[in-house]
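>
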Amino acid sequence: MKQTKQRIKELLMAKRLKLTPQRCAIYEMLTARTDHPTAEDIYRTVKRAYPMISQNTVYYTLTALKEAGLISEVNFGHEHARFDANMDRHHHLVCVSCQEINDLYDETLDRLSMTAKKGRQYTILGHRVEFYGYCKRCQGKSKSSSRPEGRSRRAVQ
Ligand SMILES: [Zn+2]
Ligand SMILES: [Zn+2]
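This is how it looks when you write it as structure tokens:
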């Protein structure tokens, strides 16, 4: 959810993160987006407002935000990590063709519990379900190709 500049500062300060203009800009941009951008996407966007920003600063900031629990890294076996500032309980719909990631809210999925024995060896902090498939746009394009069954997996955050 998009946050105001003031709220961005408060959230960063609450996590004892230094308030640099670039850091605020990166976090603000992430809260305004729902497409789970890559570090590269973030770099390109922030560079427009801060031409001097380096790719390293972007990576470093993303790591700091992630360690502070303000954003999460979501990677679905794609080449690049994608970032998500939506820390509300939600799940993902992932297009295996265009790699679009959409947020999905579903109370039934929120209530999932584990029956496998192995899970009991863990202190579970949460879970997120990912559904793989073809988005509406890509369905038309891939009519001829064979479509794998949608699969889902659970990941501990
Ligand atoms: Zn797609
Ligand atoms: Zn998400």
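For the sequence shown, the residue numbers in my numbering are 79 to 235.
Note that CB positions come from ideal geometry on N, CA and C, so glycine has one too.
May I ask you to report which of helix, strand or coil DSSP gives Tyr105?
Correct three-state label for Tyr105: helix.
> With DSSP as the reference, identify every bridge partner of Asp162, one or two as the case may be.
For Asp162, which the question treats as bridged, DSSP gives the partners Ser150.
> From Leu97 to Ile131, what distance separates their C-alpha atoms?
Each residue's alpha carbon lies about 15 Å from the other.
> List the residues that DSSP assigns as beta-bridge partners of Asn134.
Answer is none; Asn134 lacks a bridge partner.
> Among Arg94, Phe161, Tyr138, Asp184, which has the Cα closest to the Cα of Ala110?
For the residues Arg94, Phe161, Tyr138, Asp184, the minimum Cα distance to Ala110 belongs to Phe161.
> Spatial neighbours of Ala146 within its chain, please: C-beta separation below 7 Å, excluding the five flanking residues on both sides.
Cβ neighbours of Ala146 beyond the five flanking positions: Lys93, Leu95.
> Using the Cβ count rule (16 or more neighbours within 10 Å means buried), how would you classify Leu148?
It counts as buried.
> Answer yes or no: the CB of Glu157 versus the heavy atoms of ligand 1, is any distance below 7 Å?
No, Cβ of Glu157 sits at least 7 Å from all heavy atoms of ligand 1.
> On the DSSP letters alone, give me the boundaries of the beta strand (DSSP E) that Arg206 sits inside.
Its beta strand (DSSP E) spans residues 206–211.
> Candidates Val172, Arg206, Tyr200: which alpha carbon is nearest Gln217's?
For the residues Val172, Arg206, Tyr200, the minimum Cα distance to Gln217 belongs to Val172.
> From this set, Thr139, Asp113, Ile104, which residue's C-alpha is nearest Thr123's C-alpha?
Closest by alpha carbon: Ile104.
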